[in-house]
Structure formats: C-alpha cells, structure tokens
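Count the sequence shown with mature numbering (1 follows the signal peptide of the UniProt record, and there is no 0) and you get residues -24 to -1, 1 to 116, in order.
Every residue gets a Cβ at the ideal spot worked out from N, C-alpha and C, and that includes glycine.
Everything on this sheet refers to the single structure shown next.
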Amino acid sequence: MPSVWWLLLTAAAVMSSFLASVEAIYCHQCDSNQHLHCSELWDHNSSPEPTSCDNLYEANYCIKATGMYGGRIGTFRFCSSRDRGHYCDYVKRPGDDREYRACIYTCSGNGCNASSVLRPWAGGVAVLLVVVLARMVAFF
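Right, dumping it as structure tokens:
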C-alpha cells in the first residue's frame, strides 16, 4: 500500500501542473522630450536596456507612439495593459491649424517584447520527476 507521503507528493505534483509562471514584460520606457536616445531614430548602441513593467497591472504590451501623443509632440515608449494596435492618423492641437502625424505601434515581446511564460504543465512535470527520482533512490 502506498505511503501517505507518496500520495500527498503525487497530489501536489498534479495540482501544480495547473499553475502557470509568468514574468513581467520588459519595455523601453522613455520620452524623447527628456531623453535624446528615445527619438524616432533609435540608437541600440547607446540606449538603455528595457526595464520591467511589473509596476503596471497586467502589462502585456510595449507601445511606441510617435508624433502627437497625449497633447505632446515626440516619441514615447512605454508599457501598456492594452493592445492599442498599429495605426497612424493626422491630428490637430486645439487652436493650431497644422496637422500632425501620430502613429501607435504595439508589440508583445521583451525589448519589444514578449513575457516569458512557462507552460502550465512544466512545473508539474518537474515536481513529478523529482518525486519519481526520490522514490527510485529510496528503493536502492
């Protein structure tokens, strides 16, 4: 008859297989009005590494906005919990006759930027493997 510990470890392994492990996405976060490296012509050699978006709930996307965005002109790179798509449009500022081109680009990979998700069953397989190996060692 199997021991109680064996049954508990097996149950824990099965339950852990339903858990997923997720890391936060990493995005470049900058404003070309404050950081020259953030301009439309991105310099990969002198630009800082992407930073974690773990401060934004459910951040799954990186956004690059160019032209007019939020009432300001420039290039803006930031984290987002929403997929804002890819599009360009012409917008006017209040009281200004001039039209400005504004573009939004959304991506979902690190650096532009995908989060690293372990397969839901990977944790369970690892635990089960440890349990089986421990059981085999106990027989020798």
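Paired residues, beta bridge with residue 75 - DSSP: 68
Identified DSSP bridge partners for residue 43: 50, 78
Collapsed DSSP secondary structure at residue 14 in the structure displayed: helix
Under 9 Å between C-beta atoms of residue 1 and residue 36: Result yes, Cβ atoms of residue 1 and residue 36 sit closer than 9 Å.
Residue closest to residue 87, alpha-carbon to alpha-carbon, out of 7, 17, 53, 34: For the residues 7, 17, 53, 34, the minimum Cα distance to residue 87 belongs to 53.
Contact the stretch 14 to 29 vs the stretch 60 to 69: 3+ CB pairs below 8 Å: The stretch 14 to 29 vs the stretch 60 to 69: no contact.
Cut-off 8 Å between Cβ atoms - residues of its own chain near residue 78, not counting five sequence neighbours on either side: Correct list, in chain order: 41, 42, 43, 44, 45, 64, 65, 66, 67.
Assigned exposure category for residue 56 - 16 Cβ within 10 Å defines buried: buried
Buried versus exposed, by CB contacts within 10 Å (16 or more), residue 5: buried
Identity of the residues DSSP links to residue 27 by a beta bridge: Under DSSP, residue 27 forms a beta bridge with 3.
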